[in-house]
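Since the structure comes first, as C-alpha cells, the remarks are kept for the end.
Numbering (this note's numbering), first residue to last: 212 to 1323.
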C-alpha cells in the first residue's frame, strides 16, 4: 500500500533557483540533494508543491527531509535550519513548511488558551482521556503557564494523527503544588474530531467553567423541551470538527456556547468587528446552529487579517411591537348653517377635501436584537507561536454560558391532584385524558405549568387506604384508576359504551371520589375489554411489544407481584408461601415465563396507562405547558420495590416527619426507610431507574421531602404509631458520657414518661383514677420540688407557681400497653368493658399517647446504650384553635430542677441544630447529584420541615428550586416569609395539598389572620372574617409579582376569585389533612374544566395579571 505525502513550501527566494526536497529514503534521493525532487511552483501562499508516493510504512521521525535550491549557475544552496522529520503517515498526508523556518507541527498540536482566575500560588492544570493529557491521572496532568495577560493560561499537547473519529475529553483544575485541588464543575469539555491524518494545529480558547445554578436550571427539560423548544431541536448531531480542512492564510473558527434563554421565535447570532461577523450589524452576523439546543455552534472560515476582533452574542427575533405610523386622511369640511358646502353651485364638480396627516399606533412584527450588556468579547486570533502566520489553523472559541436576555424567565401554573378533575368524559375521578382540558385552561390564562400529585399505582386491596397517592405499591407503574375507559380501544362496542355512560352518570353525581367503587368498576370493565376483544391479538400489536421490551425491567416484577397478590389475597408478601422475603431477577424471568398468559392483562393495562398519559403529555408539550410530577419520598412496605429490591430498604423502620405545622404528633408514613449504604455500593441503581421512568413522563419533578436525602425521620415499626418518638437517620446520638459532662445524671428519669397524680388530674380530670387503674402501675415514691415556671409569652405554662411536693407517687405504663402499638391494641379490649366511655375513647387515647411520648430521651432501637434527644423536648403538644395556637409544655421537662431544664434545652438545641450537620452534609451531595444528573428534569425540592442553617445553605448551593410557602416561614424567628424576598430559584405556592386552601386558612386562626392582614397586606383596618375576593386577589398578586421562577396555585385558590365558583365550603376545599393518618383522599373539584375555561371573567383576569407580572 502506497502512502501519498503532499509537501507545500512557502519560499520568498527570488531568481531562477528551483526548490528541491531531499531526504533519507529512496523517494527523496537517499539523502543526496542532487537526487532530490523538484517542487512545482503554484499560485498560492505556499507557492511550491509536490506530491510524492512512498512505498513503505512511515513511522514518526523515521524519515528526515530538507529543502535546498539549485540555481542555474553555481552550487546548491541548502536551507539554514535543521533537518525536518516526517510524521507517522497513515494515509494521504499534507505538510506545510516555510523555508528557513523550523517546522514544529508534526502531529495534531492542541494549544490551550484558557481564561481562569487563580489566587497567588495556584496553578492551572488540564487532564483528559489522551496519553498526552494524562489519561485522567491527576499525577500526569499537564500544567499550563500563566500568560501574564488578564488571567490567561497557555500550553501545548500533541495528539497522534489518526484516521479514526475521536472524542477528546478534558477538564481543568486549579491546585497549589498538587494540594487543595479545585475541579471545574459540571461536565467535561468535549471535542468531536474527524480523522486527522496530516499535521495540524487546533487552539482551544476556553473559559474555566463556573457554577451557575440559574443557567443550569434553564438548560433543563422544562425549558429546552417545552417552553423554549426549537423547531430544529435534535434534528442533527453536533458536526465533528475537522482540523485538516483549514487552508493556508485562513483560520477555521468554531463558536460554541450554551445559551438556554432564547425563546422559540428567537435566534442567536455572533456579531463583531470584522466583515465575517457583520461589522456590528446583526442582520449580517453569524447565525448559530440550534440543533443541539441549548448548545449553539457555528463554523466560519476567517481571513488572517480579520484577526484580532471583538464580538458579542446577540439574540434576534421578530416581536409584536407598538409602532407609530403616519397616515393621511381627508379632512371633514365645515358646513354652512344652510347645510350646504361652500360652493357657488351645487351642480359644480365636487372639490376634493384637503388631506390631513395623522399618527396612529399599530401592532407590527419588528425585528429586534438583544445585545449582551457586558463589554465586548475579544479574540486575539492564534496565540500559538510555533507556526508561521500563514499556516492553516483552527480555533474553537468556547464561551461556556451566555445570556443576552437580561429578564429572567418567570412563569406561573396550576397545582392540582389528577383525581380531583372533572370533564365530560370523567368517570367519578379525573383521568389521564383530562390533562388535555387542563392544558387548554392554562393556555387561556397564560399559565405554563401543571403540577400533579403522584399518579403511580397504590393498589393493595382496592379500599380507601389505597387512595393515599404517596403510598405507592410500585415506584414505576402508573395507576389504572386514571384510565379513560372510553379511549381504551377504537370502535368500543356499544354495549360497553352504554354501560360506561350509565355508571359514569351515577359516579359524577357524587360530590367526591368514591375510590373503592371507581377502582373496582374500572378494573371490571378493563378485564371485560381484555378478555372479549384484546387478548387474542395482543402479541401482534407492535406498539405493545415495543412497550413490553422497553419497560420490562420494572414491568415484569410488577406484574408478577400483582399476580401473587391476587393469588394469595394479600399484598403482604411475607405471608406468601413462595418468595416471601424477596425474589431475584432470574426468578422473575422464570416465573414470568411460567405465568405469561396470566400476566398479559397487567402488561396491557400498564400499556394503556402509558399510552393515555403520554398522549396528554405530548399535547402539553405541543402547547408549551410543562408537566411537573411528584416523586414521593417512600414506597409501601409491601410494594413490589421492597419485594424485588429488598436490599435498598430498612424494612424494620418506618419513615415519617417530626411534629410540625402539619401534624402536632409528627407523621408516621409507614414507609420503610432507605439503606443508603447499600444504595451507594450499588451506584444508586434503583434511584437511577426510578428517575429515568419519571423523566419519560414529566419535564419537571417535585422531590417530596427532599430533607430525607440528608436525614430521614425514622420511627421503630414494632412499637410506634405516631411520629413523636422517632429520630433522624443517620444520626450521631449521645452517650451517658455526653449526659454526665452536662451534669444530667438521672438517666432513668429521662427515658420514661414522668407521670404523677397532679399531672393525671390535670390531663384526665375525673377519669384519672380510671386511667391509673387500667393503664398504669406504681413505679416508686420520690421526693421532688417543682421549680418556679415563668413564661411571659405563653399563658398555658404554670404561671409563677411554686409547688412543694415532699413525697410524689410516680407511675409507669403497664407492660401490656407500654408502647403506642400495644396501647392502641389494648384500648380495644378496655373499651369493650367500658362502653360508657366509648364516646370519649379518641380523646383518652390521644391524651395517653401524649403522656407516653412525654419523655426527654429515646434509646436507640438498634444500638442499646446510646440515646436521642426527643424532638421539641420542652413541648408536650400543640393545639390549634380559632383563637390561636396553644402550646402545652412538656411536664416531664417542666418538672425538672431549673438547672437540669436549662441543661436539657441546651442539649436539645445542640443535638438538633449543630451536632448532626457534618454527618448529614457528608453524603448528601452525592445523593443530590444523583437526583440532578441522572436525567434532565427540572428538580423542585420540597424542603419544608426542620431545617438547620447548614442544610439550608447546602440546598441553596445545589441549584435545586426550593419551595416557598408564605405562611410557613423558613426563618424560625418569623411567622411569615416575605414574598418580596423569595429567591429566583424557587417555586412559591400560597397553599399546598397538605394544608388548607387560602379560604380555609383565613378562617383557621384569627390572631394569625389579623397579623398577616397587618404585616403582609399592610392594612390598618380590621381584617375581614372571611377571605373576600379582593383579599385573595392581593395574595395571588403578591406571589405573581414575586421573584420566584414559578408561582403555582391550587385550582381552588384561583377560581375562588369568582364568587360563582365558591360552591364548596373552605373545609370541603381541602385536599389532605396530614394530621389524620386515616384521611381519605377523595377531594373532587365541583366544576367541569369547560366551566372554568369558558368563564371569561376568570380567564381574562388571570391572563392580564400574568402579562403584567411578566409571567407569559
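Note that the Cβ used here is the ideal one computed from N, Cα and C, for glycine as well.
Residue nearest to residue i in terms of C-alpha spacing, selected from the options
i: residue 810; options: 829, 1112, 846, 773; result: 773
i: residue 1236; options: 948, 723, 1223; result: 1223
i: residue 368; options: 340, 1185, 1157; result: 340
i: residue 897; options: 1104, 1142, 219; result: 1142
i: residue 1148; options: 910, 598, 1285; result: 910
i: residue 1028; options: 1058, 1199, 1063, 1019; result: 1063
i: residue 821; options: 409, 1135, 699; result: 699
i: residue 475; options: 509, 1230, 439, 728; result: 439
i: residue 434; options: 448, 462, 473; result: 473
i: residue 355; options: 375, 380, 825, 327; result: 327
i: residue 395; options: 388, 382, 386; result: 382
i: residue 1092; options: 280, 1212, 498, 1193; result: 1212
i: residue 420; options: 536, 270, 469; result: 469
i: residue 1279; options: 940, 722, 510; result: 722
Rounded C-alpha distance that separates residue i from residue j
i: residue 452; j: residue 359; result: 30 angstroms
i: residue 1259; j: residue 625; result: 5 angstroms
i: residue 976; j: residue 793; result: 51 angstroms
i: residue 578; j: residue 492; result: 13 angstroms
i: residue 912; j: residue 931; result: 31 angstroms
i: residue 1327; j: residue 311; result: Since the displayed the chain opens at 212 and closes at 1323, residue 1327 lies outside it and no answer follows.
i: residue 1319; j: residue 1252; result: 9 angstroms
i: residue 675; j: residue 883; result: 21 angstroms
i: residue 653; j: residue 431; result: 21 angstroms
i: residue 900; j: residue 858; result: 15 angstroms
i: residue 1292; j: residue 645; result: 18 angstroms
i: residue 657; j: residue 1056; result: 50 angstroms
i: residue 1043; j: residue 1031; result: 19 angstroms
i: residue 1388; j: residue 662; result: Residue 1388 cannot be examined here, being either before or after the span of the chain that is shown, 212 to 1323.
i: residue 1156; j: residue 914; result: 14 angstroms
i: residue 987; j: residue 783; result: 34 angstroms
i: residue 1226; j: residue 1187; result: 9 angstroms
i: residue 507; j: residue 443; result: 12 angstroms
i: residue 374; j: residue 762; result: 39 angstroms
i: residue 1303; j: residue 467; result: 46 angstroms
i: residue 342; j: residue 233; result: 33 angstroms
i: residue 303; j: residue 455; result: 11 angstroms
Cut-off 6 angstroms between Cβ atoms - residues of its own chain near residue i, not counting five sequence neighbours on either side
i: residue 601; result: 256, 459, 460
i: residue 687; result: 765, 904
i: residue 769; result: 685, 688, 851
i: residue 972; result: 979
Buried versus exposed call for residue i [16 or more other C-beta atoms within 10 Å across all chains shown]
i: residue 1178; result: buried
i: residue 573; result: exposed
i: residue 1001; result: At residue 1001 the pLDDT is 40, less than 50, meaning the model places this residue with poor confidence; the figure from the coordinates comes in the next sentence. It is exposed - the Cβ of residue 1001 has fewer than 16 other Cβ atoms within 10 Å.
i: residue 400; result: buried
i: residue 1221; result: exposed
i: residue 1164; result: exposed
i: residue 576; result: exposed
i: residue 1184; result: exposed
i: residue 1246; result: buried
Residues near residue i in its chain [Cβ-Cβ closer than 7 angstroms; skip 5 each side]
i: residue 828; result: 838, 908
i: residue 1083; result: 870
i: residue 846; result: 683, 686, 852, 853, 882
Distance cut-off 7 angstroms: residue i Cβ against heavy atoms of the ligand NAP
i: residue 354; result: As far as ligands go, the structure on display features none, and thus does not contain the ligand NAP.
Residues near residue i by beta carbon distance below 8 angstroms, same chain, minus five either side
i: residue 481; result: 466, 488, 496, 497, 499, 509, 522, 523, 524, 525
Exercise for the section: Flag this pair as touching only if the segment 406-417 and the segment 302-322 have three or more C-beta atom pairs under 8 angstroms; answer yes or no. Expected result: As far as the Cβ criterion goes, the segment 406-417 touches the segment 302-322, which means the pair count is three or higher.
Handout entry: Touch test, the segment 501-519 against the segment 574-594, Cβ-Cβ under 8 angstroms, three pairs minimum
Key = The segment 501-519 makes contact with the segment 574-594, as at least three CB pairs between them are under 8 angstroms.
Handout entry: Three CB pairs or more closer than 8 angstroms across the segment 810-819 and the segment 683-698
Key = As far as the Cβ criterion goes, the segment 810-819 touches the segment 683-698, which means the pair count is three or higher.
Exercise for the section: Would you check if the segment 1199-1209 and the segment 1253-1271 touch, i.e. whether three or more CB-CB distances between them fall below 8 angstroms? Expected result: Under the Cβ criterion (8 angstroms, minimum of three pairs), the segment 1253-1271 counts as touching the segment 1199-1209.
Exercise for the section: Give a yes or no on contact between the segment 1112-1120 and the segment 942-961, applying the rule of three or more CB pairs nearer than 8 angstroms. Expected result: With a cut-off of 8 angstroms on Cβ pairs, the segment 1112-1120 is in contact with the segment 942-961, counting three or more such pairs.
Problem - Given 8 angstroms, three or more beta-carbon pairs between the segment 930-948 and the segment 1164-1175 - result: No: the two stretches stay apart, fewer than three of their Cβ pairs being nearer than 8 angstroms.
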